[in-house]
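**Student:** Quick one: the structure is below, questions incoming.
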Amino acid sequence: MGHYSHVHNGSSPRPPGRLRTYDVTVMAMRAEVATIAFWRAVIAECLASLLYILFGCLATLTCTKHLDSSAHTLMVSLCFGLTVGTLVQCFQHISGAHLNPVVSLVHAVTCKVTPLRALLYAVAQTGGAVAGAAILHG
């Protein structure tokens, strides 16, 4: 029991002066929230999701009226593909152009972005998608 005694008495086995991964992550999140680049990236993710849903769903609405089913499928697929390609080109340098909450989650799990950034990206992407759908509906 001597080797695992630090678990029961609450002390930490790490030597003084060394930071845990958790400590480094918390410090990074506190530092990045204070920057304008962070909030610019969150807004860019919201705008990119809004445009993706707006143009993609708009293609499904307009193509249904004028084309047969095989041409309709092709046109909608091209519209979604070209839209995501264009949005990645526009927003890659600002936020990484995740455009999808699952992509943001994977980046957080693989430590490419902080968990706070991934969470705010997911919220912004969901809000942007709802706003894009509301524009089409309204």
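Take any residue in the sequence shown, count from 1 to its spot, add 996: that is its number in my numbering.
Glycine is no exception: its CB is placed at the ideal position from the N, C-alpha and C atoms.
In this text, all values refer to a predicted model and were calculated from it rather than measured experimentally.
(1) Identify whether residue 1113 lies in helix, strand or coil by the three-state DSSP scheme.
(2) Quick one: residues in its chain with C-beta nearer than 6 Å to the C-beta of residue 1127, no 5 flanking neighbours on either side, listed in chain order?
(3) Return the CA-CA distance between residue 1000 and residue 1023, expressed in angstroms with no decimal places.
(4) According to DSSP, is residue 1124 helix, strand or coil?
(5) Taking C-alpha atoms, which residue in 1039, 1016 and 1125 lies nearest to residue 1113?
(6) Taking three-plus beta-carbon pairs below 8 Å as touching, is the stretch 1048-1055 in contact with the stretch 1028-1039?
(7) Can you tell me which of the three DSSP states residue 1133 falls into?
**Tutor:** Taking the coordinates as given:
(1) helix
(2) 1046
(3) Residue placement at residue 1000 is poorly supported in this model, since its pLDDT is 36, which falls under 50; the coordinates are not used for a value here.
(4) helix
(5) 1039
(6) No: the two stretches stay apart, fewer than three of their Cβ pairs being nearer than 8 Å.
(7) helix
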